[in-house]
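Reading through the structure tokens given below for one structure.
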Amino acid sequence: MLTKIENLSEYFLAYEKSIANPETFWERVANQFFWRKKWDRVVDYDFEKAEVKWFENAKLNITENMLERHLYTIGDKPAIIWEPNDPKEAGITLTYQQLFEKVCEFSNVLLNNGVKKGDRVIIYMPMIPEAAIAMMACARVGAVHSVVFAGFSSSALADRIINCEAKVVLTSDGNFRGAKSIPVKAVVDEALEKCTTIEKVIVVERTKTEVTMQAGRDLWWHEETAKAEKTHKAEVMDSEDMLFILYTSGSTGQPKGVVHTTGGYMVYTQFSFQNVFQYNSDDVYWCTADVGWITGHSYIVYGPLLAGATTVMFEGVPTYPDAGRFWEIIDKYQVNQFYTAPTAIRALQAYGLDPVLPYKLDSLKVLGSVGEPINEEAWHWYHDHIGKGKCPIVDTWWQTETGGIMISPLAGLTPTKPAYATLPLPGIRPVIVDAEGNELKGNGVEGNLCINFPWPSMIRTTYGDHQRCIDTYFSTYKGMYFTGDGVRRDEDGYYRIMGRVDDVINVSGHRMGTAEVENAINEHPLVVESAVVGYPHDIKGQGIYAYVICDAEGRTEGSLKEEIKATVNKIIGPIAKPDKIQLVTGLPKTRSGKIMRRILRKVAENDTSSLGDTSTLLNPEVVEEIIKGAQ
Ligand code: WT7
Numbered sequence: 001m002l003t004k005i006e007n008l009s010e011y012f013l014a015y016e017k018s019i020a021n022p023e024t025f026w027e028r029v030a031n032q033f034f035w036r037k038k039w040d041r042v043v044d045y046d047f048e049k050a051e052v053k054w055f056e057n058a059k060l061n062i063t064e065n066m067l068e069r070h071l072y073t074i075g076d077k078p079a080i081i082w083e084p085n086d087p088k089e090a091g092i093t094l095t096y097q098q099l100f101e102k103v104c105e106f107s108n109v110l111l112n113n114g115v116k117k118g119d120r121v122i123i124y125m126p127m128i129p130e131a132a133i134a135m136m137a138c139a140r141v142g143a144v145h146s147v148v149f150a151g152f153s154s155s156a157l158a159d160r161i162i163n164c165e166a167k168v169v170l171t172s173d174g175n176f177r178g179a180k181s182i183p184v185k186a187v188v189d190e191a192l193e194k195c196t197t198i199e200k201v202i203v204v205e206r207t208k209t210e211v212t213m214q215a216g217r218d219l220w221w222h223e224e225t226a227k228a229e230k231t232h233k234a235e236v237m238d239s240e241d242m243l244f245i246l247y248t249s250g251s252t253g254q255p256k257g258v259v260h261t262t263g264g265y266m267v268y269t270q271f272s273f274q275n276v277f278q279y280n281s282d283d284v285y286w287c288t289a290d291v292g293w294i295t296g297h298s299y300i301v302y303g304p305l306l307a308g309a310t311t312v313m314f315e316g317v318p319t320y321p322d323a324g325r326f327w328e329i330i331d332k333y334q335v336n337q338f339y340t341a342p343t344a345i346r347a348l349q350a351y352g353l354d355p356v357l358p359y360k361l362d363s364l365k366v367l368g369s370v371g372e373p374i375n376e377e378a379w380h381w382y383h384d385h386i387g388k389g390k391c392p393i394v395d396t397w398w399q400t401e402t403g404g405i406m407i408s409p410l411a412g413l414t415p416t417k418p419a420y421a422t423l424p425l426p427g428i429r430p431v432i433v434d435a436e437g438n439e440l441k442g443n444g445v446e447g448n449l450c451i452n453f454p455w456p457s458m459i460r461t462t463y464g465d466h467q468r469c470i471d472t473y474f475s476t477y478k479g480m481y482f483t484g485d486g487v488r489r490d491e492d493g494y495y496r497i498m499g500r501v502d503d504v505i506n507v508s509g510h511r512m513g514t515a516e517v518e519n520a521i522n523e524h525p526l527v528v529e530s531a532v533v534g535y536p537h538d539i540k541g542q543g544i545y546a547y548v549i550c551d552a553e554g555r556t557e558g559s560l561k562e563e564i565k566a567t568v569n570k571i572i573g574p575i576a577k578p579d580k581i582q583l584v585t586g587l588p589k590t591r592s593g594k595i596m597r598r599i600l601r602k603v604a605e606n607d608t609s610s611l612g613d614t615s616t617l618l619n620p621e622v623v624e625e626i627i628k629g630a631q
């Protein structure tokens with residue numbers, strides 16, 4: 001592979017070249033792909049207007065690069081290995097040739113059901129092969145997919161459908177998760193009561209739970225594919241045509257639809273996949289994420305399949321039927337690269353070594369971590385007991401908005417350091433700024449992490465509201481993309497991500513806006529006001545701590561708290577349920593009426609020795625009460 005970096009000095013050289021001459025660097029990477037027409041210009045940008053174009057006027061279809069490009073050479077190689085929730089059920093392997101046929105077939109199903117280039121299609125599905133097939137079929141016909149994590153509630157699903165004015169929903173009857181079978185289609189039905197744009201719902205039969213099918217709207221996946229043509233010619237797309245929308249939380253308001261486009265995303269996801277994981281042609285790679293998150297998009301589906309890799313897709317959970325499930329799957333498929341989240345490592349670590357010991361784990365070459373800072377204890381456990389001390393850990397820092405991995409070791413090449421994401425990938429220019437936006441140069445500095453030059457897979461807009469994209473990412477510091485993360489660059493020039501500096505919390509690797517959780521809590525009729533902060537949580541990384549003012553109206557504290565949790569569950573989903581709720585009579589506010597979150601965070605962290613100056617508060621007396629009632 002032309003652009004696979006094979007040793008550390010090559011990395012430094014590639015990095016240098018990518019900075020000195022980004023156009024030549026990325027052109028060389030892009031030349032490996034199949035383009036219907038090449039670009040007129042490699043990159044053009046204006047960060048003040050949040051305008052970025054890569055491979056301008058080039059024409060392509062990303063799925064021709066994931067499928068056709070590989071058929072003659074590796075058509076019989078497994079593309080997707082699917083492992084079901086129940087280890088007793090047979091798995092499914094799809095070769096590149098088989099995957100190609102399924103994607104073509106489903107592309108025709110989309111066309112038969114009125115989906116046209118540019119239409120938005122919602123994918124609300126469990127981790128089954130059809131989810132990946134659906135994403136690729138959308139890309140193939142030029143429709144824009146928006147995958148919504150199947151753990152989101154009907155109301156969260158409806159918000160997303162309404163925001164992007166989707167035409168079709170692709171879903172399943174139900175979802176097997178551990179010992180449970182969860183309804184999925186029923187959630188869609190409920191969501192659609194509030195939506196007016198959906199014309200068709202196509203349902204995969206997975207759990208065989210009973211569902212209601214609305215005549216004229218709802219169709220079965222297997223019936224539609226049975227009558228579809230088996231060949232399909234990919235739609236020709238522009239490099240900057242929208243590939244997908246993925247909703248993510250921010251510090252204010254409703255989740256925003258992060259938009260990624262075609263050409264740059266393709267080039268960067270394959271490039272980063274190959275280099276970070278050092279994938280070799282016979283390797284089996286497994287990322288445990290869900291396709292509902294960006295990790296699933298870039299590093300289960302797009303990056304690996306672009307690279308011609310074998311990618312494992314797992315339907316279930318790490319603890320079913322027991323806490324050895326991950327390790328069993330690694331041995332079963334002889335997984336070489338394993339990519340998971342710190343929260344999963346910490347959760348499994350809590351079971352001790354008994355679930356690990358029955359497995360050899362000797363196929364492993366590389367371990368990956370993503371989604372949140374990995375604490376040193378978890379890093380060492382992962383390194384010693386899973387990697388047996390011989391697998392490099394790639395701690396990969398990136399975001400939904402960045403589309404691909406930005407700061408990470410290249411496996412086996414970059415010397416690692418626990419809890420450090422280490423060095424930027426070629427083409428990535430991190431800068432650290434202080435609160436005023438002054439760049440902190442040199443090593444041994446800490447501040448806010450920005451990126452001051454475009455990279456191919458970066459966010460292009462927030463769907464339907466470009467101003468929001470400018471305001472959120474490009475206005476805080478002029479001329480730079482602001483990540484929302486705090487970072488330290490140590491004496492060796494290595495980056496360590498310190499966590500969010502805005503009102504976003506990271507719960508088990510899932511991003512939650514405090515405002516979003518507060519809005520959900522406030523939906524409870526007795527709630528007057530609430531304030532949500534994150535606090536350190538042993539397994540989840542951060543837990544959700546909610547301070548709530550409400551009228552008890554005869555209810556007990558316990559039942560009120562349960563009702564509040566149920567409300568959040570209904571509005572967003574189980575992942576947003578507060579871990580701790582403290583009922584209070586007031587919230588500490590400044591004279592201008594702003595909640596002093598700093599104080600609430602300190603109390604939630606159980607660190608009340610250094611509350612700082614509270615004398616400027618409108619209601620200093622409330623602080624005492626809050627400290628006394630801390631959970
Ligand atoms: C936020 C982005 C990127 C895919 C999964 C999450 C945090 C992500 C790391 C890491 C420390 C990390 C950041 C970032 N984060 N990876 N390796 N070390 N923090 O995507 O939901 O868009 O969240 O996750 O705070 O801003 P996301």
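Heads up, the sequence shown is in the UniProt record's numbering, so the first residue is 1 and it goes up one at a time. We put the beta carbon where it would ideally sit given N, CA and C, even for glycine.
Beta-carbon proximity list for Pro578, same chain, < 6 Å, skipping 5 on both sides: Counting only Cβ-Cβ distances below 6 Å, and skipping sequence neighbours, we find Ile544 and Ala546.
Top-ranked residue by Cα proximity to Lys388, from Phe33, Leu367 and Phe482: Residue Leu367 is the option with its Cα nearest to Lys388.
Residue from Ala30, Asp46, Asn21 and Asp362 with nearest C-alpha to Ile470: Comparing alpha-carbon positions, the option among Ala30, Asp46, Asn21 and Asp362 lying closest to Ile470 turns out to be Asp46.
Distance cut-off 7 Å: Pro409 Cβ against heavy atoms of the ligand WT7: No, the beta carbon of Pro409 sits no closer than 7 Å to any heavy atom of the ligand WT7.
Leu357 classed as buried or exposed, judged by whether at least 16 other C-beta atoms fall within 10 angstroms: Here Leu357 is exposed. Its C-beta has fewer than 16 other C-beta atoms within 10 Å.
Glu240 versus Val144, Ala186, Trp286 and Val211, residue with shortest Cα-Cα distance: Shortest Cα-Cα distance from Glu240 to any of Val144, Ala186, Trp286 and Val211 involves Val144.
Asp485 beta carbon near the ligand WT7 (any heavy atom closer than 7 Å): Checking every heavy atom of the ligand WT7 against the Cβ of Asp485, one is found closer than 7 Å.
Alpha-carbon spacing of Arg597 relative to Glu625, whole angstroms: Rounded to whole angstroms, Arg597 to Glu625 spans 16 Å at the Cα level.
Continuous alpha helix (DSSP H) assignments of at least 4 residues falling wholly in the region 188–229: If we require 4 residues or more, the alpha helix (DSSP H) runs fully inside the region 188–229 come out as 221–226.
Neighbour-count burial assignment, Phe12, 16 or more Cβ in a 10 Å radius: Burial call: exposed.
Residue burial classification, His260 (beta-carbon count within 10 angstroms, cutoff 16): Under this definition His260 is a buried residue.
Proximity test, Trp381 beta-carbon vs the ligand WT7 heavy atom, cut-off 7 Å: With a cut-off of 7 Å, the C-beta of Trp381 is classified as distant from the ligand WT7, since no heavy atom of the ligand falls inside that distance.
Thr556: CB within 7 Å of a non-hydrogen atom of the ligand WT7: Not so, every heavy atom of the ligand WT7 lies at least 7 Å from the Cβ.
Assigned secondary structure, Arg120 (DSSP; H/G/I helix, E/B strand, else coil): Taken through DSSP and simplified to helix, strand or coil, Arg120 comes out as strand.
Proximal residues to Pro30 (C-beta, below 7 Å), its chain only, five neighbours per side dropped: Note on identity: in this sequence residue 30 is Ala, with Pro being the wrong assignment. The residues are Phe55 and Val267.
Cβ-heavy atom distance, Val42 to the ligand FAD, below 7 Å: Questions concerning the ligand FAD fall outside what the structure shown contains, since the ligands it does hold are the ligand WT7.
According to DSSP, residues forming a beta bridge with Lys59: For Lys59, the pairing in a beta bridge is given by DSSP as Lys37 and Asp238.
Where residue 637 falls, given that 16 or more other Cβ within 10 Å makes a residue buried: Within the shown structure, residues of the chain are numbered from 1 to 631, placing residue 637 beyond reach of any answer.
Within 8 Å, strictly: CB atoms of Leu170 and Ile202: Cβ distance < 8 Å, so Leu170 and Ile202 count as in contact.
Buried or exposed by the 16-neighbour rule on C-beta atoms within 10 Å, applied to Tyr72: With fewer than 16 other Cβ atoms from the protein chains shown falling within 10 Å of its own Cβ, Tyr72 counts as exposed.
CA-to-CA distance, Tyr124 to Val42, given in whole angstroms: Rounded to the nearest angstrom, the two C-alpha atoms are 35 Å apart.
Bridge-paired residues (DSSP) for Gly447: By DSSP's assignment, Gly447 forms a beta bridge with Val487.
Of the listed residues Glu315, Pro318, Ile505 and Ser281, nearest to Pro304 (C-alpha basis): Nearest C-alpha to Pro304: Ser281.
Neighbourhood of Ile92 by C-beta distance below 7 Å, restricted to the same chain and skipping five residues each side: Trp82 and Pro129, listed in sequence order.
Contact belief for Thr422 with Tyr494 at Cβ below 8 Å, rounded distance in angstroms: At roughly 5 Å, the Cβ-Cβ gap stays under 8 Å, so Thr422 and Tyr494 are in contact.
Whole-number beta carbon distance between Ala419 and Asn496, since they are thought to touch under 8 Å: Correcting the residue identity first, residue 496 is Arg in this sequence and not Asn. Indeed they touch by this definition, with Cβ atoms about 6 Å apart.
For Gly114: DSSP bridge partner residues: DSSP, once it has assigned bridges, lists no residue as partnering Gly114.
Proximity winner among Leu560, Phe244, Thr252 and Ala226, relative to Tyr463 (alpha-carbon distances): Just measuring C-alpha positions, the residue of Leu560, Phe244, Thr252 and Ala226 sitting nearest Tyr463 is Phe244.
C-alpha gap between Thr416 and Ser298, whole angstroms: Thr416 and Ser298 have their alpha carbons spaced roughly 23 Å apart.
Spatial distance of residue 632 from Ser155 (CA atoms): The shown model of the chain, from 1 to 631, leaves out residue 632, and the question about it has no answer.
Exposure of Ala353, with buried meaning 16 or more beta-carbon neighbours within 10 Å: Checking the sequence, you will find Leu at residue 353 rather than Ala. Exposed, because fewer than 16 other Cβ atoms sit within 10 Å of the Cβ of Leu353.
Residue environment, Gln542, which counts as buried when at least 16 other CB atoms sit within 10 Å: Burial call: buried.
8 Å Cβ cutoff met for Ala323 and Asp283: It is not a contact, given that the beta carbons lie outside the stated cut-off.
Asn163 - containing alpha helix (DSSP H), residue span: Looking at the DSSP string, the run of the alpha helix (DSSP H) that includes Asn163 is Ser154 to Cys164.
Gln467 Cβ short of 7 Å to the ligand WT7 heavy atom set: Gln467 Cβ: outside cutoff for every heavy atom of the ligand WT7.
Beta-carbon proximity check, Ile549 vs Gly573, cutoff 8 Å: For the pair Ile549 and Gly573, the CB atoms are not nearer than the 8 Å cut-off.
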